[in-house]
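Visitor: Quick mapping for you: the protein sequence lines, in order, are chains W and L. Residue 120 in the numbering used here is what sits at position 120 of the first sequence, and the numbering runs on without skipping anything. Heads up, the numbering used here is the position in the second sequence plus 1000, with the first residue counted as 1.
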Amino acid sequence: MADSGGLRRAIPSSPQARLAARGGLTVTASAVALLLPLLVSTYAMSVAVTVVTYAILGLGLNVVVGYAGLLDLGYAAFFAIGAYTSSMLQVYVHMSFWETLPAAVVAAAVSGCIIGYPTLRLRSDYLAIVTLGFGEIVRITVTNLSVTGGPNGLYGIPPASVFGTAIVSENGLYYLGLFFLLIAVVFTGLLSRSRLGRAWRTLREDETASEAVGVPATKVKLLAYVMGAMVGALAGMFFSAQFGTIDPTTFTFVTSVTILMVVIVGGMGSIPGMILGALIVVGLPEALRPISNYRLLIFALGLIVLMLVRPQGLWPARRSRRGSFTAPPAAREAPESPAAGRPQPGSLLLAVSGLQHSFGGVKAVDDVSFDLHAGEILSIIGPNGAGKTTVFNCITGMVTPQRGTVSMRGKQSLVKMKPHKVVSLGLARTFQGVRLFEGLDVAENCLVGLAAHQGRLLSRHGLLGRTSAQDRREALRWLAFVGLADQAHMLAAELSYGDRRRLEIARSLTSRPLALLLDEPAAGTNPTEKRKLMDLVRQVRDSGVTVLLIEHDMGVVMGLSDRVIVLDQGAVIAEGPPEHVRSDPHVIDAYLGRDEREATETVGEVPRRNS
Amino acid sequence: MSAFLQYVVNGLTSGAFIALVALGYTMIYGVIRLINFAHGDVLMVGSFIGYELVVTLAARHWPVALVVLLALVGGMAFTGGLGMLIERVAYQPLLNSSRLAILISALGVSLALEQGAQLIFGAGFSAFPSVLPSAGFSFAGAHASYVQLGMFVISVLLMGGLYLFVHKTMAGTAMRALAMDKDAARLMGINVQRTILLTFMLGSVLAGASGVMQGMYYTEINFFMGFLIGLRAFTAAVLGGIGNIPGAMVAGLLIGLIGSFSDGYISSEWSDAIIFAVLIAVLVFKPTGLFGERVAERV
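1) Once you ignore the five residues that flank H357/W on each side, which residues in its own chain have a CB closer than 7 Å to its CB?
2) Given a limit of 8 Å on CB to CB distance, which residues of the segment 1232-1250 of chain L reach chain W?
3) From L464/W to L132/W, what distance separates their C-alpha atoms?
4) For the beta strand (DSSP E) holding T546/W, just list the boundary residues, first then last.
5) Could you compute how far the alpha carbon of T245/W sits from the alpha carbon of F1291/L?
6) Can you tell me which of the three DSSP states S1145/L falls into?
7) Is it a yes or a no for the segment 276-294 of chain W touching the segment 115-126 of chain W, going by three-plus beta-carbon pairs under 8 Å?
8) Give every residue of the same chain whose Cβ lies closer than 6 Å to the Cβ of P578/W, excluding the five residues on either side of it in the sequence, and list them in chain order.
9) Measure the CB-CB distance between V545/W and P521/W and report whether it falls below 8 Å.
10) When the Cβ atoms of the segment 66-77 of chain W are set against those of the segment 218-228 of chain W, are three or more pairs found closer than 8 Å?
11) Cβ of R1329/L within 8 Å of Cβ of G1264/L?
12) Based on DSSP bridge pairs, tell me the residues matched to I1221/L.
13) Express the C-alpha separation of G228/W and V186/W in angstroms, rounding to a whole number.
14) I want to see whether chain W comes within less than 8 Å of P1063/L, judged by CB atoms only; does it?
15) For chain W, find out if any of its Cβ atoms is closer than 8 Å to the Cβ of G1122/L; answer yes or no.
16) So which residues on chain L does Y67/W lean against when the C-beta distance must stay under 7 Å?
17) Considering only residues of the same chain and omitting the five flanking positions on each side of F1121/L, which have a CB-CB separation below 7 Å?
18) Can you name the start and end residues of the beta strand (DSSP E) that M1188/L belongs to?
19) Can you confirm whether P383/W, when its beta carbon is compared against all beta carbons of chain C, has any partner nearer than 8 Å?
20) State yes or no: is the beta carbon of D1272/L nearer than 8 Å to at least one beta carbon in chain W?
21) Rounded to whole angstroms, what's the CA-CA distance from F1086/L to A107/W? Just pull it up for me.
22) Which full runs of the alpha helix (DSSP H) of 4+ residues lie inside the segment 85-159 of chain W, going along the chain?
23) Can we say the segment 1195-1211 of chain L touches the segment 1242-1251 of chain L, given the rule of at least three CB pairs closer than 8 Å?
24) Unbroken beta strand (DSSP E) runs of length 3 or more, entirely within the segment 485-531 of chain W: which are they?
25) Suppose you measure from the CA of L1158/L to the CA of L1020/L; what does that come to, to the nearest Å?
26) For Q412/W, does the three-state DSSP call read helix, strand or coil?
27) What does H630/W pair with, by DSSP beta-bridge criteria?
28) Report the residue from T141/W, P343/W, P159/W whose alpha carbon sits nearest the alpha carbon of N152/W.
29) Using the three-state DSSP reduction, which class does H373/W fall into: helix, strand or coil?
30) Given this structure, state the Cα-to-Cα distance separating L1034/L from I1028/L, to the nearest angstrom.
31) What does the Cβ neighbour count give for L425/W, buried or exposed, with the cut at 16 atoms within 10 Å?
32) I want to see whether chain L comes within less than 8 Å of A506/W, judged by CB atoms only; does it?
33) What would DSSP say about S194/W, mapped onto helix, strand or coil?
34) What does I1035/L reach in chain W if we use C-beta pairs closer than 7 Å?
35) Tell me the rounded alpha-carbon separation between M960/L and A1207/L.
36) Name the residues in the segment 1258-1286 of chain L whose C-beta lies less than 7 Å from a C-beta of chain W; which are they?
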C-alpha cells in the first residue's frame, strides 16, 4: 500500500484498463492489509492500529471538509464523544462494546447538530474558529468533570468481544479496526454518490446558486456535520477498545489538526486518499523513529514541501464520468410537465405589491407592484441601477424586502421564505452573471435542479437516495430541450458562453417551475445566439412555463414580451404592451434623459452588481 | 471590590499582550485570507530571542533599562525577519492554490518552529532572569507594578503606531486596498508581493514584542507557549471581526479581561472553555464579530 502512489502512475488511460488496474490495486491493497500481521512485528501492528484509527477519522472529516467544503478544526470532539460515550456506558452501566454502538453514534450525531446549527450562518473562516472552540470546550469539559474521570480519564474499559472472544491482541484489534474502516469506507462512499453528495458538491462550488436551484442549504450543511460526526464516533469507539483506558490528552486540538492533515495530504474528497493520508501522517513519523530527535521537524518540513509540490494532496478525488448519458432523445420536446397543479393560462400566478427595499440610503426598490399571469412573458426593463435584479432577489427569497408582499397564486406569501422553498413552490431563476457549478459536468448541473423536490432525507426520492435512472432521463430531456444533450458529459466550465446560458436555463427548468425568472439572459451574446435564445424562451413559454424576464436588449424585449414593466430609480414608471411602452414619454426620458446633463449621468453610470 | 480591580489590572495586562498578537492574525488574514497558524510560534521564537539577549547581557551587568530595550528590539527585529522568511518560503508559492493547502503549510511551519525550538532550547521551561523591578503602586486595594504599567503603555503605543501606519501612510493604504480587492489593487500599481511581505513583517514584529514582554512578565517560557497564546489571540481577532484592526485591539483586551475574571472567580481550568463559549455566543448573534469585518465579502 505504501507504494500505491507509484502504482497509480502506472494506471493506463483507457477506461476499461483503468477500471481493471483499479480493481487490481484494490485487491492487492486489501490482500496486503489482511495479511499484514503475518508480515510485520507486533510493534508495527500497534502502529497499524493507529493508522487504521486515523484513516477512519480521515474518512469522517472528509465528509465535512472534502465533500461539503466546510473547514472543521475541532473534529477530535466527535472522536472524543464517541470514545467517552461508549466507555462510560461500558464502565458505569456495564453494557457490552457492541451495545454502546448506537448510543455513541447518536451522541455524536446530536453534537454534530449542536455545533452545526448555530454556525450555519457563518462563513468558512468563522466556522473554523467555532469548530476549534467547540473541540476545546469538549476537551476542557471532559478534563474537568469527575464523571469522565477528569484529567486521568476512564480506566477499566473491558475489551471488545467478538463471538464470545475478547479482543486483546494487536492483531485482533487490527482486524476489528479493519472492520470499522470497511464500514466507514462503504458509508462515506455511498454518501458521495447520493443526491446529498451532489448537494454538498454544489454548496462547495456556489452556495447562492445551489440554494437558487432548490438545494436546502441549511439542512444539507447540517447533515455534513452529522454524517461526519457519526463516522468520528466509530473511530472513538474503536479507540476506547484499544487500551482499556482513555484520557483527554488524546482529543486535543493537535489531534484535530492531525486528522485534517490526513484529509489534505491524502487528497480532499478521495476515499483511497484518506487511507494513504493516514499511512503517511501517522506512519511516517513512526518510520522516522530511528532519528527520534529530528523526526517531527523533518515531518513538518516534509509537510510544507508536500503542499508546495502537490497542493491537491497525494491522491485527489477524480471526477467520475460514470454517468450513463449516452442516448439523447431525438425530439426537442419539453418533458411532460406536472399537469396537476398547473395553473390555468391567464390566471394570477404571482402578485407583487408595494415592494420596497433600500441598501443604506439608496432606495433600490420603491413601491413596486405588478402581477404575473400564467402563460405570459412579462419583461422588466429599466436603466442600470433601476432595481430590476433587486426585485428578482426579493421575489426569490435572496433578499427579504423591507416592505411589501409577494404572493404565489393568491395565497402563499413568499416574503421571508428561504430561496430553496421558493424554488420548490415553482419559481426558478437564473443569474445575471451565469452561475454554474463549474466543477460538475453538464448533466450533474442539471440534476441539481431536481433537488427542489428531493429535500426530504429518507423518502425514496430523498437526499440519501442514489440518482435514479428516472432522474437521469429527466435531466437529459431538459438538456435536449435547450439543445445541450451532446455536451452532457462535459464540465460546465468547458462550455461556450451561449451554452452556459442555456445550461443555466435547463438547470432551472429541471426543477419543473411554474414560472421561470430570467435575469438578462441575452447579455453578452452575439446576434445568432440571441435569436436562438429568443426561440428558446418562446419554447419555454409554449411548454407551459410562465416567463418573467429582465432584459436590456430592446430587440429581445420587444420581440418576446406580452407585457413590459419599466422601472426607473426603483419605481414603476410605465406598464403595458411593448408597442405602448416604447412610445411612452416617461420611458424615453428614463433611457435618453430629459436634457444633456441627465443623459450624461445615465451613460456614465456604473452597472451595479446586486447579486 | 479590590479583588475585582486586581482582576481588571491583570486582565488588561494579558489583554494587551493578546491584542498585539491578534493584530497579526487579523492583518495577515486581511491580505491573504490565511489563518496563520504559525503566528503564535513566531511569538514563541521572539520570546526565546529576548531570553537569550537578557541572559547574555545581564551576565555582563549592563544597565537594566538597556538590557530590556535591546531584548525587546532584538526580539522584534528577529521575528520581523522570520515572518517575511516564512511568507516567502511557505506561503507565497501557494497563494493561488486552494486555501486548505496553504493552511496545512502554515501548520507545517508551526510544527517546524516548535520542533526547532525544542531542539535548540530544550523541552522544559526556561526561566527568564528576573531583571525587572517588582515595585509598584496600590490603589483601591489593587496592586499594579510599574512593569505592568510600562508594558501596557508600550503595547498601546505599538498599537497606536500600527493604526497610524495603516491609515496615514501610502504603504498602509496599499495594505487596506489589498485586503479589499487584490486584483484591483494590483491593477492600480500596488506591488502585491511586497505589501504582503510588509504585512507579515509588521504582524510578526508585534508578535515578537508581545513574546519578549510575556517572557519578562510571566518569567517562564517554553517551546509550546505560542500555541495557547495564539489560540486566544486568534479568538480575539475573530471576536473583533477578522480583518478589523481596531476590533482586534479591543477584543484582545476583552479576552484578557474575560480570562482574568474567569481565572479569579471560577477556575483557570475552565477559562479557555469560557472564552470559546463567549466567542460562539457572540458569533451566533453577530456572525461577523463584535465590530464587523472590514473585509469585503465576495459573492
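Even for Gly, the Cβ is constructed at its ideal location relative to N, Cα and C. Source: prediction; values computed, not measured.
Guide: Looking at the atomic coordinates:
1) The beta carbon of H357/W sits closer than 7 Å to the beta carbons of A364, V365, T390, C394, V399, P401, Q402 from its chain, once the five residues preceding and following it are set aside; these are given in chain order.
2) For the segment 1232-1250 of chain L, the residues whose beta carbon sits under 8 Å from a beta carbon of chain W are, in order, F1234, T1235, V1238, I1242.
3) Computed Cα separation, rounded: 29 Å.
4) T546/W: member of the beta strand (DSSP E) spanning 546-550, first to last residue.
5) Whole-angstrom Cα-Cα distance: 45 Å.
6) Shown here, S1145/L sits in a strand according to DSSP, grouped into three states.
7) Taking 8 Å as the limit for Cβ pairs, the verdict is that the segment 115-126 of chain W does not touch the segment 276-294 of chain W.
8) Once the five neighbours on either side are set aside, the close Cβ partners of P578/W are M558, S561, V564.
9) Going by C-beta atoms, V545/W is not nearer than 8 Å to P521/W.
10) The answer is yes - the segment 218-228 of chain W touches the segment 66-77 of chain W, with three or more Cβ pairs under 8 Å.
11) The question about residue 1329/L has no answer here: the residues shown for chain L are numbered 1001 through 1299.
12) Residue pairing for I1221/L: DSSP places it in a beta bridge opposite S1126/L.
13) Cα to Cα, the separation comes out at about 13 Å.
14) Nearest CB-CB separation between P1063/L and chain W: not below the 8 Å threshold.
15) No - not a single Cβ of chain W is within 8 Å of the one on G1122/L.
16) None at all; the shortest Cβ gap to chain L is about 13 Å.
17) Apart from the 5 residues on each side of it in sequence, F1121/L sits with its Cβ closer than 7 Å to the Cβ of F1048, F1223 in its chain, given in chain order.
18) Segment: none, M1188/L is in no beta strand (DSSP E) and carries neither H nor E.
19) This model lacks chain C altogether, as its protein chains are W and L.
20) At least one chain W Cβ lies under 8 Å of D1272/L.
21) Residue identity differs from the one stated: residue 1086/L is Ile in this sequence, not Phe. Those two C-alpha atoms are separated by around 41 Å.
22) Fully enclosed alpha helix (DSSP H) runs of no fewer than 4 residues occupy 101-119, 124-144 of the segment 85-159 of chain W, in order along the chain.
23) Counting C-beta pairs with one atom in each stretch, the segment 1195-1211 of chain L and the segment 1242-1251 of chain L have fewer than three that are closer than 8 Å, which means they do not touch.
24) Taking only runs of at least 3 residues, the beta strand (DSSP E) segments lying wholly in the segment 485-531 of chain W are 515-519.
25) Cα to Cα, L1158/L sits roughly 8 Å from L1020/L.
26) In this structure, Q412/W counts as strand in the three-state DSSP scheme.
27) For chain W, the structure presents residues 1 to 611; residue 630/W sits outside this window and is missing.
28) With distances taken between Cα atoms, N152/W lies closest to T141/W.
29) It is a strand residue.
30) Taking C-alpha positions only, L1034/L is separated from I1028/L by approximately 7 Å.
31) Counting of Cβ neighbours within 10 angstroms places L425/W among the buried residues, the total reaching 16 or more.
32) No, A506/W lies away from the interface with chain L (no Cβ there is under 8 Å from its Cβ).
33) Of the three classes helix, strand and coil, the one that applies to S194/W here is strand, per DSSP.
34) D125, A128, listed in chain order.
35) Residue 960/L cannot be examined here, being either before or after the span of chain L that is shown, 1001 to 1299.
36) Residues of the segment 1258-1286 of chain L that bring their beta carbon within less than 7 Å of a beta carbon in chain W comprise E1269, W1270, D1272, A1273, F1276, A1277, L1279, I1280, L1283, V1284, in sequence order.
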